[in-house]
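Here's the structure, in structure tokens; my notes come after.
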Amino acid sequence: MNYTPAADAPERPAQPLEQSRLDLAVIAEMVAPGARVLDVGCGDGALLQLLAQKKGVDGRGVELSQRGVNECVAKGLSVIQGDADTDLSDYPDDGFDYVILSQTLQATRRPRAALANMLRIGRRAIISFPNFGYWRVRAQLAFSGRMPVTGRLDYHWHDTPNIHLCTIRDFVEIVDELGAHIERGVAFDRAGAPIRFSAPWWVWNLFGEQAVFLLERGDQRR
Amino acid sequence: MSEARPAYGEGFAPKTVVFSPDRPLLTDGGGRIAPLAIAYETRGTLNAARSNAILLCHALTGDQYAAGVNPVTGKPGWWEAMVGPGKPFDTDRYFLICSNVVGGCMGTTGPASINPTTGKPYGVDFPVVTIRDMVRAQAMLIDHLGIETLFCVAGGSMGGMQVLQWAASYPERVFSAMPIATAAKHSAQNIAFHEVGRQAVMADPDWRSGRYQEQGVRPEKGLAVARMSAHITYLSEAALQRKFGRKLQDRSAPTFSFDADFQVENYLRYQGLAFVERFDANSYLFVTRACDYFDLAADYGGSLAMAFKDTKTRFCVVSFTSDWLYPTSDSRAIVHALNAGGASVSFVEIESDKGHDAFLLHEPMFIATTRGFLDSAANARGLAPDGTSK
Chain A
8 MNYTPAADAP
18 ERPAQPLEQS
28 RLDLAVIAEM
38 VAPGARVLDV
48 GCGDGALLQL
58 LAQKKGVDGR
68 GVELSQRGVN
78 ECVAKGLSVI
88 QGDADTDLSD
98 YPDDGFDYVI
108 LSQTLQATRR
118 PRAALANMLR
128 IGRRAIISFP
138 NFGYWRVRAQ
148 LAFSGRMPVT
158 GRLDYHWHDT
168 PNIHLCTIRD
178 FVEIVDELGA
188 HIERGVAFDR
198 AGAPIRFSAP
208 WWVWNLFGEQ
218 AVFLLERGDQ
228 RR
Chain B
172 MSEARPAYGE
182 GFAPKTVVFS
192 PDRPLLTDGG
202 GRIAPLAIAY
212 ETRGTLNAAR
222 SNAILLCHAL
232 TGDQYAAGVN
242 PVTGKPGWWE
252 AMVGPGKPFD
262 TDRYFLICSN
272 VVGGCMGTTG
282 PASINPTTGK
292 PYGVDFPVVT
302 IRDMVRAQAM
312 LIDHLGIETL
322 FCVAGGSMGG
332 MQVLQWAASY
342 PERVFSAMPI
352 ATAAKHSAQN
362 IAFHEVGRQA
372 VMADPDWRSG
382 RYQEQGVRPE
392 KGLAVARMSA
402 HITYLSEAAL
412 QRKFGRKLQD
422 RSAPTFSFDA
432 DFQVENYLRY
442 QGLAFVERFD
452 ANSYLFVTRA
462 CDYFDLAADY
472 GGSLAMAFKD
482 TKTRFCVVSF
492 TSDWLYPTSD
502 SRAIVHALNA
512 GGASVSFVEI
522 ESDKGHDAFL
532 LHEPMFIATT
542 RGFLDSAANA
552 RGLAPDGTSK
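What follows is the structure, given as structure tokens:
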């Protein structure tokens, strides 16, 4: 059997930003101009910069890695070092218009608590995540009998930061449990093409490689 | 008010503003300081809009000489790594102001100054001052310079406490703020170390109940011990190990005596001796006391967040991993309060093994962070790279 330890695996080719972080453009499109935004797990600050440029938002970030925080601050962004699992509870209610969690939900220890906190801190929450219900993911597990490694989920099972993977259906269910309301949802296929909003859920869940949801706090519904 | 020039070395002309007795500094402790002299230095040029001024706040035993050659010690200023043309605190772009704190001994009124009611040095009769009193005095200086809003107030350690106090007391006058390696309150451990220092000073027979000036002596041994113990708290164990370990000084074997056998002993003795050359023992008592009394939240009903409620100031909080005197947890408490108050805040913990002193040293990540923060704040303030208002 041909066994390759992860450490010896060849470097993955870098993808162009537009393609690798397609969700950022979609998220930016969902945010109202001039809004107050908290980006949880903001990485190197790419989304915050995009939001500042395109939407003139008053953006803040929280990032776990020191390297990411330092890069953000050197870019002039308001970012603090912190952990989505422990630090969100320090934020007061209604401090922001939008709280964003892009490609981070699956790496949190308590995703449900993180989502609840987001909807408490912000009137609206935007979450993007890789869909574990995507057909290629299902096919890999079904046919090779091994944990899937795909473009969106490009880690081996033993060294992945992604500990709480979910499907679009799972996500919709937890949103319901939290009493929140889905204002908008977008799913993309592998080529980055959006799947029509009118398509039934099972189509989204099967053909969406990643998804972006705009949630509204339940008590905002009239 | 009058501009005076105290007699220092030749070629050196520090600026001092003296506020006449009809403009006393009323202290938190119920004291009254008048006349009040404030010694300060400036670098760079104030632009026409008066919008590019930065106030640098010095640490416990610092002074107004942040950059350039300190005329008293002959050594580079305390923030030489950060201040100058092209450096983060760019003197080509900003107008830098650095004053000596009230209670200090470098030209600003302090315990060594003459008490106008007795005609003798104040000594320990000087009013006990607080960080807020220091900031009040600085605000008088900033008023005197005709500056409405400071572009930035920055400083580390005790200077960082002043930064926090500035942001709390005068939020509308502080566009951006950098509290570095500091805390919103002095911990029991901090107070304990300061008490060791004060007791060392007061145990020196030459302290003479604080009246040593009149009797022509100085409690140098006590002050040197105070400095030695404080100096240890500014370093980290890793830095001390790297620099000295258990290496012996000028000998190959221990002498089995109380000579300075170890290099680290020699180093501390040198630090203590160099310090008494430039610092007044009574000032040391007063500035350490000011730090001990600092508890910003206490002034706002115990809630630090209330101190920064609705602030428009942009903050950048910085801590260092090996700083055990003002650990990162102290900075986090400040950041949490600022977040709760809805403030614009960045927070960076810089990886360094140089201990508390790291903020004074050449730390590339710290320099990059400061540059990034100031650049973005300058853009928001409409400052062109040459310091003019856009």
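Chains A and B, in that order, give the protein sequences. Counting from 8, one number per residue, gives the positions in the first sequence under my numbering. Counting from 172, one number per residue, gives the positions in the second sequence under my numbering. Don't be surprised by glycine CBs; every beta carbon is placed ideally from N, CA and C.
Under the assumption that residue i contacts residue j (Cβ atoms under 8 Å), give the Cβ distance between them as a whole number of angstroms.
i: Thr-353 (chain B); j: Gly-327 (chain B); result: 6 Å
i: Ala-283 (chain B); j: Ser-454 (chain B); result: 7 Å
i: Phe-322 (chain B); j: Ile-225 (chain B); result: 6 Å
i: Glu-216 (chain A); j: Pro-137 (chain A); result: 7 Å
i: Leu-231 (chain B); j: Val-488 (chain B); result: The pair is not a contact, with the Cβ atoms about 20 Å apart (cut-off 8 Å).
i: Thr-125 (chain B); j: Ser-270 (chain B); result: No answer is possible for residue 125 (chain B): it lies beyond the span of chain B, which begins at 172 and ends at 561.
i: Gln-563 (chain B); j: Gly-294 (chain B); result: Because chain B is modelled from 172 through 561, residue 563 (chain B) falls outside the range shown and cannot be assessed.
i: Trp-211 (chain A); j: Ile-175 (chain A); result: 5 Å
i: Phe-465 (chain B); j: His-357 (chain B); result: 5 Å
i: Gly-526 (chain B); j: Ala-410 (chain B); result: 6 Å
Quick one, are the C-beta atoms of residue i and residue j less than 8 Å apart?
i: Leu-227 (chain B); j: Ala-325 (chain B); result: yes
i: Phe-479 (chain B); j: Ser-523 (chain B); result: no
i: Ala-529 (chain B); j: Asp-501 (chain B); result: no
i: Gly-7 (chain A); j: Gly-543 (chain B); result: Lying before the first or after the last residue shown, residue 7 (chain A) is absent from chain A, which here runs from 8 to 229.
i: Gly-317 (chain B); j: Phe-266 (chain B); result: no
i: Val-47 (chain A); j: Ile-107 (chain A); result: yes
i: Pro-247 (chain B); j: Met-253 (chain B); result: no
i: Gly-166 (chain B); j: Ala-401 (chain B); result: Because chain B is modelled from 172 through 561, residue 166 (chain B) falls outside the range shown and cannot be assessed.
i: Val-306 (chain B); j: Gly-200 (chain B); result: no
i: Gly-393 (chain B); j: Ala-374 (chain B); result: yes
i: Ala-431 (chain B); j: Gln-420 (chain B); result: yes
i: Ala-339 (chain B); j: Leu-467 (chain B); result: yes
On the three-state DSSP scale, how would you describe residue i?
i: Glu-78 (chain A); result: helix
i: Met-349 (chain B); result: strand
i: Gln-386 (chain B); result: coil
i: Tyr-341 (chain B); result: coil
i: Asp-226 (chain A); result: helix
i: Cys-276 (chain B); result: coil
i: Ser-523 (chain B); result: coil
i: Tyr-105 (chain A); result: strand
i: Pro-99 (chain A); result: coil
i: Ala-237 (chain B); result: coil
i: Cys-462 (chain B); result: helix
i: Tyr-211 (chain B); result: strand
i: Val-158 (chain B); result: The shown model of chain B, from 172 to 561, leaves out residue 158 (chain B), and the question about it has no answer.
i: Ala-16 (chain A); result: Confidence is the limiting factor: at Ala-16 (chain A) the pLDDT is only 36, short of 50, which leaves the residue's position unreliable, though a coordinate-based value still follows. Note: Ala-16 (chain A) maps to coil in three-state DSSP.
i: Gln-88 (chain A); result: strand
i: Leu-3 (chain A); result: Residue 3 (chain A) is absent from the model: chain A starts at 8 and stops at 229.
i: Ala-478 (chain B); result: helix
i: Ala-123 (chain A); result: helix
i: Pro-195 (chain B); result: coil
i: Ser-515 (chain B); result: strand
i: Val-243 (chain B); result: coil
i: Arg-503 (chain B); result: helix
i: Ala-218 (chain A); result: strand
i: Lys-291 (chain B); result: coil
Hey, how far is the Cα of residue i from the Cα of residue j?
i: Ala-187 (chain A); j: Glu-212 (chain B); result: 58 Å
i: Asn-77 (chain A); j: Val-519 (chain B); result: 6 Å
i: His-365 (chain B); j: Ala-237 (chain B); result: 24 Å
i: Met-329 (chain B); j: Val-219 (chain A); result: 47 Å
i: Asp-30 (chain A); j: Arg-117 (chain A); result: 22 Å
i: His-172 (chain A); j: Gln-113 (chain A); result: Residue 172 (chain A) is actually Leu in this sequence, not His. Distance between the alpha carbons of Leu-172 (chain A) and Gln-113 (chain A): 5 Å.
i: Met-477 (chain B); j: Arg-303 (chain B); result: 16 Å
i: Arg-74 (chain A); j: Gly-68 (chain A); result: 14 Å
i: Val-388 (chain B); j: Leu-456 (chain B); result: 17 Å
i: Ala-120 (chain A); j: His-229 (chain B); result: 43 Å
i: Arg-440 (chain B); j: Val-272 (chain B); result: 27 Å
i: Ala-508 (chain B); j: Leu-475 (chain B); result: 6 Å
i: Leu-126 (chain A); j: Ala-310 (chain B); result: 42 Å
i: Glu-174 (chain B); j: Ala-355 (chain B); result: Caution is warranted here: a pLDDT of 47 is assigned to Glu-174 (chain B), below 50, making its placement in the model unreliable, and the coordinate value is therefore given only provisionally. Cα to Cα, Glu-174 (chain B) sits roughly 34 Å from Ala-355 (chain B).
i: Gly-290 (chain B); j: Val-189 (chain B); result: 17 Å
i: Ser-222 (chain B); j: Arg-264 (chain B); result: 11 Å
i: Arg-228 (chain A); j: Arg-131 (chain A); result: A caution first: Arg-228 (chain A) carries a pLDDT of 47, below 50, which makes its placement in the model too unreliable to give a value.
i: Tyr-405 (chain B); j: Gln-333 (chain B); result: 19 Å
Item to check | Selection of the region 88-104 of chain A by Cβ proximity to chain B, strictly under 7 Å | outcome: Gln-88, Asp-97, Tyr-98, Pro-99 and Gly-102
Item to check | Residues of the region 503-523 of chain B with Cβ closer than 7 Å to any Cβ of chain A, in chain order | outcome: Val-506, His-507, Asn-510, Ala-511, Gly-513, Ser-515, Val-516, Ser-517, Phe-518, Val-519, Glu-520 and Glu-522
Checklist entry - Which residues, in order along the region 534-561 of chain B, keep a beta-carbon less than 8 Å from a beta-carbon of chain A? => result Met-536, Ala-539, Thr-540, Arg-542, Gly-543, Phe-544, Asp-546, Ser-547, Ala-548 and Asn-550
Item to check | Where the region 486-499 of chain B meets chain A: residues whose CB sits under 7 Å from a CB there | outcome: Cys-487
Checklist entry - Using a beta-carbon distance cut-off of less than 8 Å, what residues from the region 59-77 of chain A approach chain B? => result Asp-65, Arg-67, Gln-73, Val-76 and Asn-77
Checklist entry - Which residues, in order along the region 174-207 of chain A, keep a beta-carbon less than 8 Å from a beta-carbon of chain B? => result none
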